[in-house]
Every structure is written in structure tokens, then in C-alpha cells.
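Numbering (the working numbering), first residue to last: 247 to 311. Idealized CB from N, CA, C, for every residue including glycine. Below: the structure, in C-alpha cells.
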């Protein structure tokens with residue numbers, strides 16, 4: 247069977263943890279920061295665990311982890 251290609255957009259955006267969960271960056275920080283409070287902006291830092299419904303699709307894009 248041939249090797250599967252990894253989606254290059256997915257490998258830049260997602261990582262898998264040791265237990266198989268998908269880690270993603272927080273969304274909503276590209277523009278429009280002036281309207282938000284500093285607390286809202288600060289809470290958008292860092293990473294989050296992707297939802298299970300999205301994780302199944304993301305794992306198909308990353309066949310080798």
C-alpha cells in the first residue's frame with residue numbers, strides 16, 4: 247500500500263498529544279482586538295484541546311501523527 251500524504255495545512259496548525267488528543271491554537275486573534283477588553287485578549291493566548299467531533303477529521307489529515 248502506498249504511503250499516505252499528510253495535509254500540509256494541518257501539520258502547521260495541529261499537534262497530537264501522547265494520549266492522541268489534538269492540540270490547536272486559540273481562534274479569534276487575527277483582527278478586531280481594539281474592541282475587546284484586555285482580559286478577553288489575554289484569555290485567547292496559548293493552546294486548547296480540539297473537540298472530539300473535529301478531532302476525528304483532523305486525525306485523518308495527520309496519518310502519521
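Quick check: residue i and residue j, are their CB atoms within less than 9 Å of each other?
i	j	result
residue 212	residue 262	Here the chain has residues from 247 to 311 only, and residue 212 is not among them.
residue 301	residue 267	yes
Of the choices the options, whose alpha-carbon is the least far from that of residue i?
i	options	result
residue 274	302, 289, 248 and 264	289
residue 297	248, 283, 264 and 269	269
residue 311	247, 248 and 254	254
Report the CB separation of residue i from residue j in whole angstroms; it is logged as a contact under 8 Å.
i	j	result
residue 299	residue 271	Wrong, their Cβ atoms sit about 18 Å apart, outside the cutoff.
contact_flag[the region 254 to 265, the region 278 to 287] where n(CB pairs < 8 Å) is 3 or more: Judged by Cβ distances under 8 Å, the region 254 to 265 makes no contact with the region 278 to 287, as fewer than three pairs qualify.
Unbroken stretches of the beta strand (DSSP E), 3 residues or longer, contained in the region 249 to 278: Secondary structure in the region 249 to 278: the beta strand (DSSP E) runs of 3 residues or longer, each lying completely within the stretch, are 268 to 271 in chain order.
Segments assigned alpha helix (DSSP H), at least 4 residues, entirely inside the region 277 to 301: Entirely contained in the region 277 to 301, the alpha helix (DSSP H) runs reaching 4 residues are, in chain order, 284 to 289.
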